[in-house]
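J.:
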Amino acid sequence: MTDRVVVVTGSSGGIGSAIASRFTAAGDVVVGLDLLEGVDVSQPDDCREATARVLAAHGRIDVLCNNAGVGAVGDVVASTPEDWERVFSVNVFGVANMSRAVLPVMRAAGRGVVVNTSSVVASVGLVERAVYSASKGAVLALTRAMAVDELPYGIRVNCVSPGTVASPWVERTVAAQPDPDAALEALRRRQPLGRMVTCDEVAAAVVYLADDSTFTTGADLLLDGGITGVRVVE
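So, in structure tokens, the structure goes:
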């Protein structure tokens, strides 16, 4: 097999576009699924139909990147029931819906890789990220559950957990603050390495986890600039 068929959800976003570009550069066939292209991962029928179209066109799916996601700002008091439903419908149910559609294809083939996009907020508490943190914590737990369930089928399941990403969503969030420059500097300083992770760095980690030579499953690959492992004493 000289190339793979790779499905990337949320492919029109910053990280998703970078993931698609990385796999394409490696010679893989990339199928991007995005809300802008009419695929809503929160809808099970959309996921089933998209999977059927990929199979009709390419005959198999080797890698699934569950990357589609939405953000939310606010603590648990300020967050509304609508916030919880909106974020979980994409970040958690979207992963479940796409996985439910694709995993039977991989099981039949006896091989495959799933890479989910989680976040550092699944492991540490960050201010004003209650709903988003809860959703990404669910993604991390689901990744580990899927990894053990798929062992008999030769399918590996891992996730990446970036810190603050230099992405369009972060840019919009910063721009909405009273002092955007100060808000941006605070985000940079939150990472002990002193900067935000780039979309391309996240994409490189996804490609690594998807590589057949990567001997891991059920792993959470942190790209957090040291947030979880380093304490800076000034």
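Just so you know, we're using the numbering used here here: the sequence shown kicks off at 33 and counts up by one.
We put the beta carbon where it would ideally sit given N, CA and C, even for glycine.
Taking the DSSP output, what are the residues bridged to residue 44?
T.: DSSP, once it has assigned bridges, lists no residue as partnering residue 44.
J.: What are the partner residues of residue 188, as DSSP defines its beta bridges?
T.: According to DSSP, residue 188 bridges with 145.
J.: Please report how far the alpha carbon of residue 97 lies from the alpha carbon of residue 203, in whole angstroms.
T.: Their Cα atoms are separated by approximately 24 angstroms.
J.: Thinking just about the alpha-carbon of each residue, which of 149, 142 and 144 is nearest to the one in residue 126?
T.: When each option's Cα is compared against that of residue 126, the closest is 149.
J.: List in chain order: all unbroken alpha helix (DSSP H) runs of 4+ residues lying wholly within the stretch 105–150.
T.: Entirely contained in the stretch 105–150, the alpha helix (DSSP H) runs reaching 4 residues are, in chain order, 113–123 and 125–141.
J.: With residue 64 as the anchor, note down where its beta strand (DSSP E) starts and where it stops.
T.: Here the beta strand (DSSP E) through residue 64 covers 61–65.
J.: So for residue 167, helix, strand or coil by DSSP?
T.: Residue 167 falls in the helix class under three-state DSSP.
J.: Do the CB positions of residue 252 and residue 193 come within less than 9 angstroms of each other?
T.: Contact flag set, yes.
J.: What does the alpha-carbon distance come out to for the pair residue 231 and residue 240?
T.: So the two alpha carbons sit approximately 14 angstroms from each other.
J.: Under 8 angstroms, with one C-beta from each stretch per pair, do the stretch 37–49 and the stretch 94–114 reach the 3-pair mark?
T.: As far as the Cβ criterion goes, the stretch 37–49 touches the stretch 94–114, which means the pair count is three or higher.
J.: Residue 254 bridges to which residues according to DSSP?
T.: Paired residue(s): 193.
J.: In terms of residues, what are the limits of the beta strand (DSSP E) holding residue 95?
T.: Taken as a continuous stretch (DSSP letters only), the beta strand (DSSP E) holding residue 95 covers 95–98.
J.: Go to residue 224, then tell me how far its alpha helix (DSSP H) extends in each direction, as first and last residue.
T.: Unbroken run through residue 224: none, as it is neither H nor E.
J.: Report, in whole angstroms, the separation of the C-beta atoms of residue 294 and residue 79, which I expect to be a contact under 8 angstroms.
T.: Residue 294 lies beyond the residue range present for the chain, which begins at 33 and ends at 266; the question has no answer from this structure.
J.: In whole angstroms, what separates the C-alpha of residue 254 from that of residue 152?
T.: Cα to Cα, the separation comes out at about 7 angstroms.
J.: Indicate the three-state DSSP secondary structure (helix, strand or coil) for residue 161 in the structure shown.
T.: In this structure, residue 161 counts as strand in the three-state DSSP scheme.
J.: With C-beta atoms as the reference, is residue 196 less than 9 angstroms away from residue 228?
T.: Closer than 9 angstroms, so yes.
J.: Can you tell me whether DSSP reads residue 179 as helix, strand or coil?
T.: In this structure, residue 179 counts as helix in the three-state DSSP scheme.
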